[in-house]
Structure formats: structure tokens, C-alpha cells
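Reviewing the structure listed below.
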Amino acid sequence: MATIENGAALRPDVPVDASMSVRFGKRTLRLNLAPNAVTDGDVWVYDRVSGILASGNLVTLPTPFLDTACPEGWRRVLDQVWATPFTKLVPSHGSPMTRTQFSTYRKAYGAVIDCAKTARPKADCAAEWVKGVEPLLGPDPTERQRAQDMTAYYVQDVLRANGGKSPLCKAA
66 MATIENGAAL RPDVPVDASM SVRFGKRTLR LNLAPNAVTD GDVWVYDRVS GILASGNLVT
126 LPTPFLDTAC PEGWRRVLDQ VWATPFTKLV PSHGSPMTRT QFSTYRKAYG AVIDCAKTAR
186 PKADCAAEWV KGVEPLLGPD PTERQRAQDM TAYYVQDVLR ANGGKSPLCK AA
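Just so we're aligned, residue 66 is where the sequence shown starts under the numbering used here, counting upward by one.
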């Protein structure tokens, strides 16, 4: 409650309205602004020295959270992330990933977005997602079922119901 009551203190000291490099202690970090991806503006951070990339909500498990998404912008940003020479990617939801694991995620993301544009049953699109990211989900079968159910919902009730993107996506 105190945080909400002191909302003005939550305003950023330096708004990120474009990609930029910033000093953080002795390091220089690259803050990358991703417009029209997961939201109107997502930030992902890259530390060249350590090779660590913090992806924020660009990478989430058990499924991409498409509630506010512009899927094609998100796909372009995932390509930009892939072009960055990171060694470890830290998602906002899920375990840290190697480049190979991120490649698995990226390919599965593209496949589920492409599937959502077809007339294939939503369960087929969701099953394709789960199969694609299965190595990233871990051994718990409930996590796979959660991924299946959430993805089917996003395919049908968010993407297909709104012309292929979230109703909150402002991109054309």
C-alpha cells in the first residue's frame, strides 16, 4: 500500500524511450527498447563483458504471454536478441538459457504464431508449442499441461479473436 501511495517515487530517473548505453557501476550496459513486441515498449538488457542478456518478458515460460502482444514485432525483437552475441539469457519467467535453448524458444515462438494464422485447431497449435519447448519445460507433466492450456487460450481467444494480435497492440 505504501508503494502505491508513493507512486511518484516509482517514476524512472532516466526514462528509456530509445535504445542506449548506460553506466551501471563499473560496467556499461546496453538497454534495448523493443517497441510493439510484448507491450508498446519492452526493455532488454545486454552486458557485453559477461555475455549475459536479460530478456524481460520477451522470453517467458511456460508460454509467451500474448495478452498485450504485437506478435510480429515480438518476432522481430527475438531475431535481434538472437543476433546479439550473448552466452546466457535470463528470461523473466523460466530458467536461464544457453544460446541453443533460446534458439529452441525462438523457433517454437515463430511456429505458434504462424499456426495461429491458420485454421488448424487451437489444440494443434498449442501441442506444436509444447513439443517445441519441451526441453525447456522440465519434467513436471503439469507444467506441460499448463503450457498446452495457456497456449490454446492465447491462440484462440487472443490472437484469432483479434485479427492476429492482442487487442492492446497499437501497431498496424
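Built from N, CA and C at the ideal position, the CB exists for glycine as well. Remember, predicted model here, so these are calculated numbers, not experimental data.
Can you give the beta carbon distance from residue i to residue j, rounded, assuming they're within the 8 Å contact cut?
{"i": "Gly203", "j": "Ala173", "result": "Not a contact, Cβ separation roughly 15 Å."}
{"i": "Lys128", "j": "Ala212", "result": "Note on identity: in this sequence residue 128 is Thr, with Lys being the wrong assignment. Correct: roughly 5 Å between the Cβ atoms."}
{"i": "Lys91", "j": "Gly116", "result": "Wrong, their Cβ atoms sit about 16 Å apart, outside the cutoff."}
{"i": "Lys235", "j": "Pro136", "result": "Not really, about 13 Å apart at Cβ, beyond 8 Å."}
{"i": "Ser86", "j": "Thr125", "result": "Not quite, the Cβ-Cβ distance comes to about 26 Å (not below 8 Å), so this is no contact."}
{"i": "Leu201", "j": "Gly159", "result": "7 Å"}
Select from the options the residue whose C-alpha is nearest the C-alpha of residue i.
{"i": "Asp144", "options": "Arg171, Ser160, Pro206", "result": "Arg171"}
{"i": "Phe167", "options": "Leu131, Ser84, Arg140", "result": "Arg140"}
{"i": "Thr216", "options": "Pro186, Leu96, Ser157", "result": "Pro186"}
{"i": "Ala191", "options": "Ala176, Gly228, Asp205, Leu201", "result": "Ala176"}
{"i": "Glu147", "options": "Ser157, Leu131, Thr165", "result": "Residue identity differs from the one stated: residue 147 is Trp in this sequence, not Glu. Nearest of Ser157, Leu131, Thr165 to Trp147, Cα basis: Thr165."}
{"i": "Arg209", "options": "Asp222, Glu193, Val223", "result": "Glu193"}
{"i": "Asn97", "options": "Asp214, Ala83, Asp105, Arg88", "result": "Ala83"}
{"i": "Val223", "options": "Pro206, Glu199, Val195, Lys182", "result": "Lys182"}
{"i": "Val81", "options": "Pro100, Pro232, Pro150", "result": "Pro100"}
{"i": "Ala184", "options": "Gln221, Pro150, Pro232", "result": "Gln221"}
Sorted by chain position, which residues of the same chain lie with C-beta nearer than 7 Å to residue i's C-beta, five sequence neighbours on each side aside?
{"i": "Ala119", "result": "Trp109, Val110, Val155"}
{"i": "Asp112", "result": "Arg92, Leu94"}
{"i": "Ile178", "result": "Pro136, Arg140"}
{"i": "Pro161", "result": "Lys153, Leu154, Val155"}
{"i": "Val114", "result": "Arg92"}
{"i": "Asp105", "result": "Lys235"}
Give me, in chain order, the residues of the same chain whose beta-carbon lies closer than 6 Å to that of residue i; leave out the 5 immediate sequence neighbours on both sides.
{"i": "Ala38", "result": "Because residue 38 is not part of the residues shown, which for the chain are 66 to 237, the question remains open."}
{"i": "Asn71", "result": "none"}
{"i": "Tyr219", "result": "Leu131"}
{"i": "Val163", "result": "Before going on, a small fix: residue 163 reads as Thr here, not Val. None."}
Hey, is residue i's beta-carbon within less than 9 Å of any beta-carbon in chain D?
{"i": "Gly138", "result": "Protein chain content of the structure displayed is limited to a single chain, and chain D is not contained in it."}
Please return the same chain residues whose Cβ sits closer than 8 Å to the Cβ of residue i, not counting the five positions on each side in sequence.
{"i": "Ala102", "result": "Leu123, Ala134, Cys135, Gly138, Trp139, Arg141, Val142"}
{"i": "Arg225", "result": "Ala181, Lys187"}
{"i": "Ala74", "result": "none"}
field: Within the segment 174-226, ranges of the alpha helix (DSSP H) (whole runs, at least 4 residues)
entry: You should have 187-202, 206-218.
field: Completely contained beta strand (DSSP E) runs for the segment 82-159, where each covers 3 or more residues
entry: Along the length of the segment 82-159, whole beta strand (DSSP E) runs at least 3 residues long occupy 85-89, 92-100, 106-112, 117-125, 153-158, reported in chain order.
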